[in-house]
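Shown next, in structure tokens, is the structure this report addresses.
Number of protein chains: 2
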Amino acid sequence: MGVSKRHIHSMSVNQLADLAKVLSHPARISILNYIGDCDGCLCKDISQHIRLSQPTTSQHLQVIKKAGLLKSKFEGKSQHYYLHKDRLSTLKELFNNFFVATEKKCDLKKATKTI
Amino acid sequence: MGVSKRHIHSMSVNQLADLAKVLSHPARISILNYIGDCDGCLCKDISQHIRLSQPTTSQHLQVIKKAGLLKSKFEGKSQHYYLHKDRLSTLKELFNNFFVATEKKCDLKKATKTI
DNA sequence: TAAGGTTATTGCAATATAGCAATGTGTAAA
DNA sequence: TTTACACATTGCTATATTGCAATAACCTTA
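Shown next as structure tokens:
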């Protein structure tokens with residue numbers, strides 16, 4: 004029926020897919036890159052830099068933040084965005100584990116074949 | 004207008020986003036997991052295992068293959084799917100580089116701050 | 001050639017996503 | 001209190017994605 008059937012997949016698989024989805028839009032990659040360069044920057048600056056409107060940028064920021072990859076702090080009249088470094092490390096590990104596990108399976112198959 | 008504005012982003016950013024998009028659906032993660040366990044398996048088997056219809060499974064397979072993560076071979080009357088290990092390694096590196104670069108930026112900022 | 005098995009494609013409906021203008025919300029300074 | 005600035009939310013349109021039934025295409029083997 005065109006509805007994504009999340010429930011048939013395992014927790015961990017859904018979790019990885021959700022995090023990949025955050026990275027699946029170039030604007031969100033650009034935003035993460037820019038905040039890395041310019042820790043504590045504002046939505047306005049980000050939107051100018053990536054050349055998308057302020058509302059669009061704000062929405063992307065919410066998506067990234069909901070996934071836990073950003074922190075934000077209100078200072079004066081503006082919201083400052085920071086990378087959530089620990090969470091990024093976790094994410095790095097999750098992706099790495101996925102690839103390593105997949106590679107390992109290949110190697111096991113190959114080893115079994117040569118016996 | 005609701006059209007994704009790829010052109011405003013750099014090549015490498017678009018490339019990473021495209022690859023993340025492949026992993027952004029749980030069915031595709033499950034498929035990669037399963038093919039890892041069962042190298043050379045058939046669309047029919049995969050579709051039974053992940054409990055999605057054969058057409059749906061076939062479409063996901065095309066998406067993954069188009070990104071270069073799968074190889075396939077016709078043997079007899081059936082198509083056998085294999086992981087493209089080299090390409091997976093490249094992908095692993097791409098993601099890793101992204102995270103490492105992002106982390107490094109944070110560290111540089113921190114170092115500059117303490118000076 | 002016909003029959004059977006496997007995969008790809010097509011066509012459709014339901015839902016999700018991306019983008020922006022307009023508007024609301026909240027804070028700081030005048 | 002008013003003004004000004006920054007951000008979030010709402011409402012909308014255009015497009016993309018997900019899923020399956022039906023069907024086509026393809027390759028074996030009888």
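For the protein sequence lines, the chains are L and Z, in the order given. Residue numbers 4 to 118, in the working numbering, belong to the letters of the first sequence in order. Residue numbers 4 to 118, in the working numbering, belong to the letters of the second sequence in order. Just so it is clear, CB atoms sit at the ideal spot from N, CA and C, and this is done for glycine as well.
Worksheet item: Which of the three DSSP states, helix, strand or coil, is assigned to L94/L?
Response: Assignment of L94/L by DSSP, reduced to helix, strand and coil, places it in the helix class.
Discussion item. Please classify H28/L as buried or exposed, where buried requires at least 16 other C-beta atoms within 10 Å of its C-beta.
Written reply: buried
Worksheet entry | Contacts that F106/L makes with chain Z (C-beta to C-beta distance below 9 Å) | For the record, residue 106/L in the displayed sequence is Glu; it is not Phe. Going along chain Z in sequence order, the residues near E106/L (Cβ under 9 Å) are G39, L86, K88, L91, S92 and K95.
Item to complete: Using alpha carbons as the reference points, say which of K108/L, S81/L and L86/L lies closest to L45/L.
Response: S81/L
Worksheet item: Measuring CB to CB, does E106/Z end up less than 8 Å from L94/L?
Response: No. Outside cutoff.
Fill in: Contact under 8 Å by Cβ, A30/L with H83/L
Contact: no.
Item to complete: Give the range of the alpha helix (DSSP H) segment to which K8/L is assigned.
Response: Unbroken run through K8/L: none, as it is neither H nor E.
Practice prompt. Give the residues of chain Z in contact with I32/L, contact being defined as C-beta atoms less than 7 Å apart.
Written response: V16, L19 and A20
Item to complete: List in chain order: all unbroken alpha helix (DSSP H) runs of 4+ residues lying wholly within the segment 25-71 of chain Z.
Response: 29-40, 46-53 and 57-69
Worksheet item: Of all Cβ atoms in chain L, is any one closer than 8 Å to the Cβ of H83/Z?
Response: no
Practice prompt. Would you check if the distance between the CB atom of Y85/L and the CB atom of K69/L is smaller than 8 Å?
Written response: The answer is no: Cβ separation not under 8 Å.
Worksheet item: Given a threshold of 16 other Cβ atoms within 10 Å of its Cβ, counted over all protein chains shown, does G39/Z qualify as buried or as exposed?
Response: buried
Worksheet item: What did DSSP end up calling K80/Z once you bin it into helix, strand or coil?
Response: coil
Worksheet item: Whose Cβ in chain L lies nearer than 7 Å to the Cβ of P29/Z?
Response: R9, H12, V16, N17 and A20
Item to complete: Could you check the C-alpha separation between E96/L and L72/L for me, to the nearest Å?
Response: 14 Å
Item to complete: Have a look at P25/L and G79/Z and give me their C-alpha separation to the nearest angstrom.
Response: Note on identity: in this sequence residue 25/L is Val, with Pro being the wrong assignment. In this structure, the alpha-carbon of V25/L lies about 41 Å from that of G79/Z.
Item to complete: Check whether the Cβ atoms of I67/Z and L35/Z sit closer than 8 Å, and answer yes or no.
Response: yes
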